[in-house]
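Q:
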Amino acid sequence: MTETGQSYRMEAQRAQSGADPLYAFLKGAAGGPAVIDLSEVGLCDAQRLQILVSASRHWRAAGASLRLTGAGEAFMEGLELSGLDPAEFDFEDK
Numbered sequence: 001m002t003e004t005g006q007s008y009r010m011e012a013q014r015a016q017s018g019a020d021p022l023y024a025f026l027k028g029a030a031g032g033p034a035v036i037d038l039s040e041v042g043l044c045d046a047q048r049l050q051i052l053v054s055a056s057r058h059w060r061a062a063g064a065s066l067r068l069t070g071a072g073e074a075f076m077e078g079l080e081l082s083g084l085d086p087a088e089f090d091f092e093d094k
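Last residue of the sequence shown: 94 (full-length UniProt numbering), numbering continuous.
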């Protein structure tokens, strides 16, 4: 846990089998401030984008902070290609 809550470094690609560790992190961090480091992630698959969108909306509705950091150009382009508005997320360094 950090001063800003719990933190998680998202892996470049999700595991092909089993539950995504991102989901487990978010479930455990729910209700408090959290930071997700995207520095290792390029294009993000649709399943993980959906998890991030859902979590972002949940955190905002609860009045809590879920910040994304380290989002690179490929991640941002992936949002655009997916039709997602970057305003859905709280980017720490954008």
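Where a beta carbon is used, it is the ideal one built from N, C-alpha and C, also for glycine.
Of all the options 54, 83 and 29, which has the alpha carbon lying nearest to the alpha carbon of residue 5?
A: Working through the sequence shown from its first residue, we reach residue 5 at position 5. Considering only alpha carbons, the answer is 29.
Q: May I ask which residues mark the beginning and end of the alpha helix (DSSP H) holding residue 29?
A: On the sequence shown, residue 29 is found 29 positions in, with the first residue counted as 1. That run of the alpha helix (DSSP H) goes 21–29.
Q: Terminal residues of the continuous alpha helix (DSSP H) containing residue 68?
A: As a position in the sequence shown, residue 68 is number 68, starting the count at 1. Note, residue 68: premise wrong, no alpha helix (DSSP H); beta strand (DSSP E) at 66–69.
Q: Skipping 5 residues on each side, what residues in its chain have a beta carbon closer than 7 angstroms to that of residue 97?
A: What is shown of the chain runs 1 to 94, which leaves residue 97 out entirely.
Q: Could you pull out every unbroken alpha helix (DSSP H) segment of at least 4 residues lying fully inside the UniProt domain "STAS" (35–94), listed in chain order?
A: Taking only runs of at least 4 residues, the alpha helix (DSSP H) segments lying wholly in the UniProt domain "STAS" (35–94) are 46–61 and 73–81.
Q: Output the distance between the C-alpha atoms of residue 92 and residue 66, rounded to the nearest integer angstrom.
A: Taking the sequence shown and counting its residues from 1, one reaches residue 92 at position 92. Taking the sequence shown and counting its residues from 1, one reaches residue 66 at position 66. Using only the alpha carbons, I get a separation of about 10 angstroms.
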